[in-house]
Structure formats: C-alpha cells, structure tokens
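Shown next, in structure tokens, is the structure this report addresses.
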Amino acid sequence: MTKTAPEAPPRHSDETKRKLSPAAQRFANASSTSLGSILIKIIVIAIVDATAVFALFTAIGREAWAIASVIAVITVLINVVYFKKGWLPAKYLLPGTIFLLIFQVFVIGYTGYISFTNYGSGHNSDKADAISALLQSNQERVEGSPGYPVKVYSGDDGLAMLIEREGQQLIGDGNDALAPVEPASLGEYTELTFADLLGRQQEVTSLKVPVSDNPADGTLRTSDGRTAYQYTSSLKYDEAADTMTDQKTGLVFKDTGVGAFTADDGTQLMPGWSINVGFDNFARAFTDSSIRGALLSVSVWTFAFALLSVASTFFLGLFLAIVFNDIRMKGRKIYRVISILPYAFPAFLGGLVWAGMLNKDFGFVNQVLFGGADIPWLTDPWLAKFSVLWVNLWLGFPYMFLVCTGALQSIPQELSEAATIDGARPFQIFRLIKLPLLLVSVAPLLISSFAFNFNNFNVIYMLTEGGPRLEDAGLNVGATDILISMVYKVAFVGSQRDYGLASAFSIIIFVIVAIISIISFKQTKALEELN
Amino acid sequence: MSTETSNPETAPTFRPFPHPDRRSFGKWFATTGWRHLIGVALCVYSAFPLLYVLSASLNPNGTLLSSNGFFSTIGFQSFIDLFQNEQRPYGAWFANTLIIGLTTAAASVFLGALAAYSFSRMRFTGRRVGLVSLLIVQIFPQLLAVVAIFILLTSLGDVFPALGIDNQIALIMVYLGGALGVNTYLMYGFFNTIPVEIDEAAKIDGAGHARIFFTMILRLVSPILAVVGLLTFISSTSDFVLASVVLVSPENQTLAVGLYSYVSEEFTSNWSVFAAGAVLAAIPVMALFLFLQKYIVGGLTAGAGK
Chain A
1 MTKTAPEAPP RHSDETKRKL SPAAQRFANA SSTSLGSILI KIIVIAIVDA
51 TAVFALFTAI GREAWAIASV IAVITVLINV VYFKKGWLPA KYLLPGTIFL
101 LIFQVFVIGY TGYISFTNYG SGHNSDKADA ISALLQSNQE RVEGSPGYPV
151 KVYSGDDGLA MLIEREGQQL IGDGNDALAP VEPASLGEYT ELTFADLLGR
201 QQEVTSLKVP VSDNPADGTL RTSDGRTAYQ YTSSLKYDEA ADTMTDQKTG
251 LVFKDTGVGA FTADDGTQLM PGWSINVGFD NFARAFTDSS IRGALLSVSV
301 WTFAFALLSV ASTFFLGLFL AIVFNDIRMK GRKIYRVISI LPYAFPAFLG
351 GLVWAGMLNK DFGFVNQVLF GGADIPWLTD PWLAKFSVLW VNLWLGFPYM
401 FLVCTGALQS IPQELSEAAT IDGARPFQIF RLIKLPLLLV SVAPLLISSF
451 AFNFNNFNVI YMLTEGGPRL EDAGLNVGAT DILISMVYKV AFVGSQRDYG
501 LASAFSIIIF VIVAIISIIS FKQTKALEEL N
Chain B
1001 MSTETSNPET APTFRPFPHP DRRSFGKWFA TTGWRHLIGV ALCVYSAFPL
1051 LYVLSASLNP NGTLLSSNGF FSTIGFQSFI DLFQNEQRPY GAWFANTLII
1101 GLTTAAASVF LGALAAYSFS RMRFTGRRVG LVSLLIVQIF PQLLAVVAIF
1151 ILLTSLGDVF PALGIDNQIA LIMVYLGGAL GVNTYLMYGF FNTIPVEIDE
1201 AAKIDGAGHA RIFFTMILRL VSPILAVVGL LTFISSTSDF VLASVVLVSP
1251 ENQTLAVGLY SYVSEEFTSN WSVFAAGAVL AAIPVMALFL FLQKYIVGGL
1301 TAGAGK
C-alpha cells in the first residue's frame, strides 16, 4: 500500500489475467473453483431447486398458473447463471435483483393495473365467487322444513356439525359441505359440551354448513346447538340469462357491466366482483368535487409539511450548531448527547408519546403547562398541523444539528480569519462565506430529507391519524393527512376499502415524485458522478 | 466560574493571554454564557418527552391524566402488566421485531454487498444502466405500492401460506425488495475506496473471486456493512405501514403495530402500560444508537434522513 505506483494500476480484471503467465493463470483458475466451493454451490442450488420443484407442484395443483410460471422462470435463471461459466456479474447481482424485481418493480406496475379496476370492499373477487357469496347470504329458513338433530364438534378448521339423515352420519363445517363420515374417523373432532355451547354461543349461531356443493341448496344453521334447520337464499341465479332474481319481491338484477348485479332502479347486490374500469378512478380523483378537493388539499399540505419540516429542522439545527461551535464553551459534549436523544428514540414511539402529551383533555401540555386549558392541539385543523410540525421538529432537528456541526467544522478557519482582517463582521462572515459553503455540502441532504418527509407516514399517523377529518371530503381524509397516509387510509382503514382508488392515488404520487426527481437531478447533476 | 472572576488581577500574572472565562460575568455571558441558556432550553425540549414517558411508565396502573404528576409515584407494576396481557403479547412483539429486523438487516447487507462488489470490481455491459436504474427504481417508495403488495401476498398466500398475509417470512421478503438501491450506493462508494491492487494480489496468489469476496473484501468493508445493517435494522423495526398490512394476528405483530394498537384503543386508561412498553422498546435502540453514534452519523450524512 505504501509503494508508489508509477503507472495507473489496471482496474480491468481481464487485463490482469492477460498479464499473468499461462502457468499462473491455470493455477488461479484451478484454485478459484476448488472442490469445496463447488460442493457448497451444488448443495445450495440443489436445495433451491428442490424447494422450487415442490413450490411448482403446489402452484400447479392450485391452478395458480401465473405464480407457477414465475417460479419456473426464476429457477431456470438461477440454474443457468450459477452453472454457466463466466457471467460473473450476474452471479453477484441475481439474488438481490430477484427481490427487487418482484417486490419493488413488479408491485409498482401492479399498482398501475389495480388503479384501473374497481377492486375494494364489495369488489374483491371474481364473478363466480360473488354469485356463490350472494347465494350464501340473504338466507332464510325454508318454510316447514324439518329440524335435524345436530351435534356440534370442534375440529382443526373451527366448528363442525354432525347430523343424521336417512340413517347416515354426515359432517360439515363452514367451508366443507356435509359429507358422510364413519364414526371411527370422528377422532379428530371433539364434541362440544353444554358449557362449551354456552361459552361459544356466538360462534355456534354463526356457523353455516353448506348442505351440498351447490350453493342454491342453502345451509344448515342452529340456534341452540341441538336442532338445525335448512336455510336457503331468497335469491335465485339464472345461469342462462345471467340474472339474479329476488324470490320475494320478484326484482330482477342483471349484470350491466359495473361489477355487480344491478336492478333497473339502480339498486345493486353486494358483494359484486372486480372489473376493469379504465380511467374511472383517475376521472373520479380529478372530477368528483369531494375527492378532488381532498386530493388537492392533501397535496398542498404534503408539500407544505415536507418543506416546513426541512426548513424548521435545518434552521434550528444550524442555529444550534453555530451556538455550540465555540471551543470556549464548556460542557458542549453533554449538550450534544442530550440534544440527539430524540433522534435515537424510535419515530413511531415519539409520535405516540407526543399524542399523549398533547391530548386535549388529559395531556401534560394542557393540564400542567397551560393549567388545565382545553386547547385542541390535535383536533383543530390548524393546531393539528402546527403540532405535527412541532413534533417532527423534535424528531428531526438533531439530525440537522449533527450534519451542520460536521459541515461547519470542515470549513477552513483561515477563511473567517482572513475575512476578519479585511474588516468583516461575524454575521457578514457567516452570511457571505460560511452559509454558501455549508449549503453546497448540505444541499443533497436537504433534498433527501425533503424526499423522506414527503412520505413521512409515521409521525403523521401516530400523532393525529391524519385527523381531524375533513368534513366536506368524500373520503376518510383529515387535515394533517399527507399523500402516503391518504393512500393507506383509503385502502386499509374503515369499512369502505377502495384499493382501486388508492392505487390511482399512488400512481398520481409516483408521477409527482418522478417530476420532482427529474428536476432535482437536473439541478444537482447527480447522474454525472456515475461513470 | 464566579469564584474565578472574583480575583481577576491574578490572571495576567500567570497567563500572558487571559482566558475569556476569567473576565467579568457580563463579558463571560456575552461570549459563552448565553450559549448555556440556549443549551438548557434545548435539553428541556429534547429530553422532556423522554423523561415524561419514563415517569409515566413508573406510575403503577396509571392513566393518561395521572401520568402528569412527574415521578410522583414509583412502581414497576406496569412493566409486569405489560407481559401478562394475553390479547397484547408484548414479549412476542419484541421477539418478532428483533427477528424480523435482524434477518432483514443481515440479508439486505449480504445482497447489497454482492451487488456493490460486482458494480465496483467488474466492468460489464449494462453496468451503468444497472446503476442508473437502481437509482431510478429507488425514487419510487415501496410504501406507495402497499396496496399491490397486500394483494400480491394475498394471492401468494392462497398457494403458499408461508408467503402470505400474516406471515413474517412474507414481510421479510417484501423488505428485501429494497435491499438493493440506496444500500448498494452507500456500499458501492465504500468498495471503490478499497484499492483494486488487493484483489489483484490475491488473484495472483490463486484466490478465486468468491474467496476474495468472502474472506477479504467483506472484512475490509465491514464498517459500511455495519452502518447499512444498522440503518436497515432501524428502518425495518420502525416500519408501520407494511407491517400493519401484512401482520394481522396479535402474536405475529411487531412493536410498531402492537404498541400503536395499545393506544389506538382505550387510549387513556392503558397509558402507563403503553409507556412501559415504549421505554423497553426504545432503550436498546437508543443505547445502540449512542454507542455507535459516530458511525451512524457518518452513514446518515452519506444517505438517508429522518
């Protein structure tokens, strides 16, 4: 390492090989594929292949063709790459790339696909499933049907019912229809005692055992665990006409292409099924005034939140860095350690702790600091926005403090000494010399901090859950929601889950992020560093 | 300080250049004293919420309201209650968080190091394209694709329950989707600082690429491996979005999801038990952070922010 190389060292591995004598090269090749490493390679790939073959059979058995083909492609790829001579970079890149392609690249594309569907609550399966679910629901007891004496058993898949019909014992549970069973094979089930029946009353009364594989035959239900009655659906499916008929009202529901059986008067039967809706979700996002308003206010707040968070943390951090950047001051180390504590505290916990402290009725801030005041820190739209920024400042300023301290120390002391001799005042030195130099080194970090806060879900959701709710919005969206928490809430919070709309929002955010990135790349020319 | 300023006339005798602290209080305050005022205010802002949560955790059976009395009562009942709640298995959450975090961190570091090694040491067609596409893919946060991830895992789980919703292996695999990306960039830069001559000397001595990578390079780049591993550990253990979507049943959840559920339901009455959980969850992370402070700061300034 200490030797001085007169010429540039060869970086190319091929060049090195060329420079070796043939004998040395042969030696190098032979030892690089030693018996031990070949053995390890073969064992690892054998395990991968065995797992893959097993997975392939499982997938084919379940008729999951897409999954089966992906497994097949990946397995072939692994075998080719690791058994083929050469292709060295691929050997190193393949493992990470597989995960990247499936869980980052593919899911982004899949988000795009979902954004063109009406996938969500009431529309989360295909039409056949919807028909069977509709026939399962809306069931009523068949008039005058006999009651079957029943015994309730508990098995691996939950509760099961055992009845006797025409001298034959039949058992069935929530998933599997009634089927004949030999008394000998009842061992895997245990009969519920009377006390169990009372204890699990709700489970027992909600148990629906299909009478046969045809959903039109209805189900058996019991209210007391002793007698079961047959229930059938009030709906009837006409396969030829593709219509559902309500037996009681005579109303006919047709498949009108909106993903649910719809009657002429517009009433729909739920659940429906998922269909391709084209640009409907995007159209809703931009034209439905209640959604457009929410999207717009959330977008504006997201930018404001990210910008203000970066600005507030940066200026506080910079201010503190300057204040403590004086060697005459004692105890700087203690101040430094205490002040970075919030940064070491997990962010999600920080949000929850502050949520408790800022609680309107019982929180420390109102009760102790403001003497029992009723300040709605988290429930008033503007105060909630302030609180979110305040807590994010708490979480984020230590980072900027550390960064600015480091950047200040890297600025040569001579510069400010020279400026002092030239008669510059301390503030002038700071504004005209130190700050520009500091910004050069800190700018990329400010950009990445902006990007981080743009999607800073934890601090928002843990503190306010995005609330307080926007009254006029057609969605479950609140005043402090940022785009990412809006996507999460539209998709996963509450009873109405709209995966299609949430994915459309995701795509819109992807576009926004892409535009910002292109602009900032052009500004910083980050790509030029790659050669 | 004030005792020293009481006899200022002695100072010039012993020191040709008087220390500023030995001037009058006014001058001392003008140069460094006001800095201490800011320092004290800063410490209150930084440390107060942490002391508050510590005090709340030591308040036996405390509610949010009764936690306002600062260290008025001391007891460890909340910590005991924390581990005896069957609906909220804190011990399991802690173990899950550690397992998921450590596995994700180790696997991410390994996958990232493999990629960084090939980008740094090999020249191949598509290398530049590969680096640029990594940068571009990384722009799009995985969080935004959470719906697609949920639906993908739901359908995977129908075929392989181990890769489906409510399974930790599935969550780890999702996290590994981000194993390349920023990590590779951080490591790539560090790998480039290791002289290529070392590889070449080893090659001449007859070592293969695998041996060079595993026995030499990984050892030389261990500082950056530690930083990336730690950053991945922190980010995966504090993730809420993906973890809350993937992990459904309480015994499978992580601390972030579990502790959130603690306060999202029955917010005020569980407060001291939640605080005890928060203290236990935070202390190891904070200890590790303070212990490795300078490495983390180096890694952070090179990459992510908070």
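Protein chains in written order, with my numbering: chain A, 1 to 531; chain B, 1001 to 1306.
Ideal placement from N, C-alpha and C gives every residue a C-beta, glycine not left out.
Mapping the DSSP letters down to three states, classify residue i as helix, strand or coil.
{"i": "residue 220/A", "result": "strand"}
{"i": "residue 253/A", "result": "strand"}
{"i": "residue 333/A", "result": "helix"}
{"i": "residue 149/A", "result": "strand"}
{"i": "residue 304/A", "result": "helix"}
{"i": "residue 1265/B", "result": "coil"}
{"i": "residue 392/A", "result": "helix"}
{"i": "residue 469/A", "result": "strand"}
{"i": "residue 260/A", "result": "coil"}
{"i": "residue 228/A", "result": "strand"}
{"i": "residue 236/A", "result": "strand"}
{"i": "residue 241/A", "result": "coil"}
If we ignore side chains and look at the alpha-carbon of each, how far apart do residue i and residue j end up?
{"i": "residue 92/A", "j": "residue 489/A", "result": "39 Å"}
{"i": "residue 207/A", "j": "residue 1236/B", "result": "40 Å"}
{"i": "residue 297/A", "j": "residue 1197/B", "result": "57 Å"}
{"i": "residue 1146/B", "j": "residue 391/A", "result": "26 Å"}
{"i": "residue 218/A", "j": "residue 290/A", "result": "42 Å"}
{"i": "residue 1230/B", "j": "residue 157/A", "result": "41 Å"}
{"i": "residue 454/A", "j": "residue 99/A", "result": "25 Å"}
{"i": "residue 1043/B", "j": "residue 1050/B", "result": "11 Å"}
{"i": "residue 90/A", "j": "residue 73/A", "result": "15 Å"}
{"i": "residue 413/A", "j": "residue 435/A", "result": "14 Å"}
{"i": "residue 145/A", "j": "residue 491/A", "result": "43 Å"}
{"i": "residue 283/A", "j": "residue 273/A", "result": "21 Å"}
{"i": "residue 521/A", "j": "residue 1127/B", "result": "20 Å"}
{"i": "residue 81/A", "j": "residue 1131/B", "result": "20 Å"}
{"i": "residue 329/A", "j": "residue 406/A", "result": "17 Å"}
{"i": "residue 1156/B", "j": "residue 60/A", "result": "13 Å"}
{"i": "residue 8/A", "j": "residue 1195/B", "result": "Annotation note: pLDDT 42 at residue 8/A (below 50); position unreliable, coordinate value reported separately. The alpha-carbon atoms of residue 8/A and residue 1195/B are separated by roughly 12 Å."}
{"i": "residue 519/A", "j": "residue 506/A", "result": "20 Å"}
{"i": "residue 325/A", "j": "residue 1286/B", "result": "25 Å"}
{"i": "residue 251/A", "j": "residue 270/A", "result": "15 Å"}
Give a yes or no on whether 8 Å exceeds the smallest Cβ distance from residue i to chain A.
{"i": "residue 1072/B", "result": "no"}
{"i": "residue 1158/B", "result": "yes"}
{"i": "residue 1271/B", "result": "yes"}
{"i": "residue 1032/B", "result": "yes"}
{"i": "residue 1079/B", "result": "no"}
{"i": "residue 1049/B", "result": "yes"}
{"i": "residue 1007/B", "result": "Annotation note: pLDDT 45 at residue 1007/B (below 50); position unreliable, no value reported."}
For residue i, which residues in chain E fall below 8 Å Cβ to Cβ?
{"i": "residue 64/A", "result": "The structure shown contains no chain E; its protein chains are A and B."}
Grab the span of the beta strand (DSSP E) containing residue i for me, first residue to last.
{"i": "residue 1229/B", "result": "Per DSSP, residue 1229/B belongs to no beta strand (DSSP E); it is in the alpha helix (DSSP H), 1222 to 1237."}
Can you determine whether any heavy atom of the ligand PLP sits closer than 7 Å to the C-beta of residue i, and answer yes or no?
{"i": "residue 343/A", "result": "Summarising the ligand content, the structure contains no ligands, and the ligand PLP is consequently not present."}
Of all the CB atoms in chain B, is at least one closer than 8 Å to the CB of residue i?
{"i": "residue 221/A", "result": "no"}
{"i": "residue 357/A", "result": "yes"}
{"i": "residue 494/A", "result": "no"}
{"i": "residue 96/A", "result": "yes"}
{"i": "residue 486/A", "result": "no"}
{"i": "residue 202/A", "result": "no"}
{"i": "residue 206/A", "result": "no"}
{"i": "residue 425/A", "result": "no"}
Can you tell me where the alpha helix (DSSP H) with residue i in it begins and where it stops?
{"i": "residue 274/A", "result": "Careful: residue 274/A lies outside any alpha helix (DSSP H) and carries neither H nor E."}
{"i": "residue 168/A", "result": "Where residue 168/A is concerned, there is no enclosing alpha helix (DSSP H), although the beta strand (DSSP E) it sits in stretches over 168 to 173."}
{"i": "residue 1253/B", "result": "That residue, residue 1253/B, is in no alpha helix (DSSP H); it is neither H nor E in DSSP."}
On the three-pair Cβ rule with 8 Å, is the stretch 1084 to 1094 of chain B touching the stretch 1243 to 1263 of chain B? yes
Would you be able to state if there are at least three C-beta pairs under 8 Å between the stretch 1257 to 1265 of chain B and the stretch 1054 to 1062 of chain B? no
Tell me, please, whether the stretch 130 to 140 of chain A touches the stretch 251 to 271 of chain A by the rule of three or more beta-carbon pairs shorter than 8 Å. yes
Using 8 Å as the threshold, is the stretch 1110 to 1119 of chain B in touch with the stretch 1188 to 1197 of chain B, meaning 3 or more CB pairs across them? As far as the Cβ criterion goes, the stretch 1110 to 1119 of chain B touches the stretch 1188 to 1197 of chain B, which means the pair count is three or higher.
For the structure I just gave you, are there three or more beta carbon pairs, one from the stretch 488 to 506 of chain A and one from the stretch 114 to 124 of chain A, closer than 8 Å? When C-beta atoms of the stretch 488 to 506 of chain A are compared with those of the stretch 114 to 124 of chain A, three or more pairs fall below 8 Å, so the two segments count as touching.
Is the stretch 421 to 432 of chain A in contact with the stretch 302 to 313 of chain A, if contact means three or more CB pairs nearer than 8 Å? no
Stretch-stretch touch, CB-based, cutoff 8 Å, three pairs: the stretch 157 to 170 of chain A with the stretch 197 to 215 of chain A: Segment contact: the stretch 157 to 170 of chain A against the stretch 197 to 215 of chain A, three or more CB-CB distances shorter than 8 Å; contact assigned.
contact_flag[the stretch 452 to 469 of chain A, the stretch 352 to 360 of chain A] where n(CB pairs < 8 Å) is 3 or more: Yes, they touch.
Measuring CB atoms only, is the stretch 103 to 112 of chain A touching the stretch 1171 to 1183 of chain B, in the sense that at least three cross pairs come out at less than 8 Å? yes
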